[in-house]
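Just so we're aligned: the sequence shown equals residues 1 to 111 in full-length UniProt numbering.
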Amino acid sequence: MQENGTTLKDETHELLVYKIDYKRFDENDIHYLNLPSTRQELDKYLTINSPPTPSKGSNSLISSNGLTLSSKDSFYIGSLVCSTKLTQNVDLLGLLKWWSNPENLQFAVTL
Numbered sequence: 001m002q003e004n005g006t007t008l009k010d011e012t013h014e015l016l017v018y019k020i021d022y023k024r025f026d027e028n029d030i031h032y033l034n035l036p037s038t039r040q041e042l043d044k045y046l047t048i049n050s051p052p053t054p055s056k057g058s059n060s061l062i063s064s065n066g067l068t069l070s071s072k073d074s075f076y077i078g079s080l081v082c083s084t085k086l087t088q089n090v091d092l093l094g095l096l097k098w099w100s101n102p103e104n105l106q107f108a109v110t111l
């Protein structure tokens, strides 16, 4: 799900790959869930956070608790969402959820 409540767009998504250092990785530590997972999230992450200087011998921008972003590896997936309950259109989402914001109903209907 997107931050605005819509689903992923039907398109190709570039997913990032992290290398695991099993000596430092703790599978009970869930901080990895906050790491960027797509190229778009990485670009957004780097604009918000100043990119760290890679250590000598490393060209990775992000490293956390035994996970290191691979700067050379990524893979692509394509998505196609067919749903009677979810939408990719934020305006349609506003119309479908009119009961939670009835004051916005008139605006949603005029779109």
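We treat Cβ as the ideally placed atom computed from N, Cα and C, and that holds for glycine.
Check, Outcome
"Per DSSP, what are the beta-bridge partners of Ser64 in this structure?", "Leu67"
"According to the Cβ coordinates, are Asp21 and Thr68 closer than 8 Å?", "yes"
"Does the Cβ of Gly78 have 16 or more other Cβ atoms within 10 Å, making it buried, or fewer, making it exposed?", "exposed"
"Contact defined as beta carbons within less than 8 Å: I believe Val90 pairs with Asp10. What is the distance between those atoms, to the nearest angstrom?", "Between Asp10 and Val90 the Cβ distance is about 15 Å, and since that is not below 8 Å, they are no contact."
"Give me whichever residues DSSP pairs with Tyr76 in a beta bridge.", "Glu14"
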